[in-house]
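The next block holds one structure in the form of structure tokens; read it before the comments.
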Amino acid sequence: MKRTIVAALLATVAVTGARADTNWWVPPGDVDRASLVTLDELETAYAELAWETFIAINWPALVKDGNPYPSPDTDKDLSYNVGEYVSVWEAWPTAQEIFRPDGTAPPAWGSPHELPSPCEEKGALEGHIVLQATSKGGDVASEFVQAFRMGPVPDQNGKYTWFAIQANKAMYDYIVGNGLYNVEGQVAFGKAADWPRGRLDSTGSEEDIGSIFVKGAWKVLGDGDNPNAFHRIQARLYNPGDEDAGISASCRLESVGLTALHIVHRTNSAQQWAWATFEHVANAPLYEEAMSGDLRRSDYSYFDTAVLLVHHARKSGATRPGQAPRGSSKLHAWGDSNLYLRRRDKQIVMTVEHRAAPGLNDIEIELVDDGRGPALRLRQAVADESVPEPETAEQRILQALADAETPLSQRQIRERAATRPATVAASLRMLIREDRVERVPEGGYRLVGESGETGSPVAGANGQLGPEPLPKGVTASNP
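Be aware that the sequence shown starts at 618, since it is given in my numbering, and climbs by one per residue.
Set out below in structure tokens:
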């Protein structure tokens, strides 16, 4: 399977490409769409646009008054300090700084990153980015919960990946100039935003470069990680806490390495913006490598890692997808795959919910002794298996009603079908909706169309009188 992203994010990047000038710290404004004839030429042109933008915004930032400033330091290059420096885009304001919870105007362009109060106690590392966990006060994605409800992304060390969205000066100026940093300003604006677009004949000014916003993904560097293999910074990891849950706000300093960078660039030729993703070379193997077992390296950050959470289900929500976990509803929101084990009569059945794909339902599981103790495994059907498939609760209820000469109460159904009260009630509701069972005015339940005698004469499909057909799975057993 061909990978559709550009896997090129290294601590040190070689500057290559078709660009004629040497000002690699200046992002391009657009591609020459008119000169592009074939699809391959178009794809190559936008790939070069993304690559040159990536190089430019990752250039080391200037330092003013001890703080990184969002302009390139042209006396440095991408190999500066073995990859440990604050880049231009890392000095851009974050989404939280632009869209403040109180709706006030953002700080002036080039201001140091704002520090939440718990982070002010962590020393004088001014200007380094603040990565913020999810808070109840807003839904701006600068957190360890990934967009599109993917949930936390753990690395091989079991630590969550952190994310931050940041915007360049063209976007910042447009937001501030039009008062779009709060709801009142957006309502007053009253029209669709027309973000500044990059120009082919760009002079290098912010306006000619166009609107750019990025989303960076950072992993906390820990045991087994080679810091020199990453572009890295010191970051404050801020958790705003949760008063309702009794969790206090906290902040800690960590060395973090960049594992991915999404770049979205508005240009004249790209009306739907130009989108690019750069990924660290050691994030995970290609699909073919993983399937063949022929891995090129052993230090992948995310490959072969998962978090398994076992949680009891509520009885009242066991049949409602997403409502089964007992306790916090956030458990379901964070799950990439949710597996539910339920007992159906004498059979254990597993259902699977996937976040972005249809799930598998009614997978039969059995309890076996594999020589090391009890274990669960998939139940394999055998063609000549002599043991019949167990009847469902619905089949047993229908059979009990078919065997009865008079309507049965729920208690009688429970006794004859050997089924729990809750299962009987749920099954009867379903069978009534399907017009297979009816409740009689005198009390009790019977098969639909039954008048007190199983197999009463009714008109068949051919118009002839004959015995009433019984529900599927039910056999007549009149004496």
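From the three backbone atoms N, C-alpha and C, an ideal C-beta is built for every residue, glycine too.
For V1054, which three-state DSSP category applies? strand
Is the beta carbon of E731 closer than 8 angstroms to that of E707? no
Looking at P813: is its Cβ nearer than 8 angstroms to the Cβ of E824? yes
Taking only the alpha-carbon atoms, compute the straight-line gap between G646 and Q783 and give it to the nearest angstrom. 19 angstroms
Compare the Cα-Cα distances from D682 to each of S728, A664, P644 and report the closest residue. S728
Given a cut-off of 8 angstroms on the beta-carbon distance, is the pair T711 and A664 in contact? no
Where I1100 and L956 are concerned, what is the direct C-alpha to C-alpha distance, given to the nearest angstrom? In the structure as shown, the chain begins at 618 and stops at 1096. Residue 1100 is therefore absent and cannot be evaluated.
Count the C-beta pairs between the segment 667-679 and the segment 833-840 that are closer than 8 angstroms, then say yes if the count reaches three, no if not. no
In chain order, what residues of the same chain lie with their CB nearer than 8 angstroms to the CB of V1109, ignoring the 5 residues before and after it? Residue coverage of the chain in this structure runs from 618 to 1096, which leaves residue 1109 outside it and unanswerable.
Quick check: what's the CA-CA separation for G821 versus E970? 49 angstroms
If we ignore side chains and look at the alpha-carbon of each, how far apart do V1041 and V831 end up? 55 angstroms
Quick one: grab the DSSP three-state call for S704. strand
DSSP beta-bridge partners for K693? According to DSSP, which records beta bridges pairwise, K693 is partnered with nothing at all.
Element boundaries [alpha helix (DSSP H), containing I792]: 786-794
From Y855 to Q749, what does the alpha carbon distance come to, in whole angstroms? 5 angstroms
Alpha carbon of P718 to alpha carbon of N799, nearest angstrom: 9 angstroms
Look up A678 in the DSSP assignment and say whether it is helix, strand or coil. strand
Which residues in the same chain as A887 place their Cβ atom closer than 6 angstroms to its Cβ, once the five residues preceding and following it in sequence are excluded? none
By Cβ distance, which residues of its chain are closer than 6 angstroms to S1026, with the 5 residues on each side in sequence left out? G1061
Would you tell me roughly how many angstroms separate the C-alpha atoms of I1030 and T1036, rounded to the nearest one? 8 angstroms
6 angstroms CB neighbourhood of L679 in its chain, flanking five on each side removed: Y686, S688, D690
Would you kindly work out how many angstroms separate the C-alpha atoms of N684 and A725, rounded to a whole number? 14 angstroms
Does DSSP put L581 in a helix, in a strand, or in coil? Because the chain spans 618 through 1096 in this model, residue 581 falls outside it and cannot be assessed.
Residue range of the unbroken beta strand (DSSP E) whose run includes R849: 849-856
For a test of the three-state rule: what should DSSP assign to P844, helix, strand or coil? helix
At the level of alpha carbons, what is the spacing between N885 and I672? 21 angstroms
Across which residues does DSSP place F830 in a beta bridge pair? A784, V881
Can you give me the start and stop residues for the alpha helix (DSSP H) that L1025 sits inside? Careful: L1025 lies outside any alpha helix (DSSP H) and carries neither H nor E.
How big is the Cα-Cα spacing for D694 and A891? 25 angstroms
DSSP-derived helix/strand/coil call for S612: This structure cannot settle anything about residue 612, because the visible part of the chain is limited to 618 through 1096.
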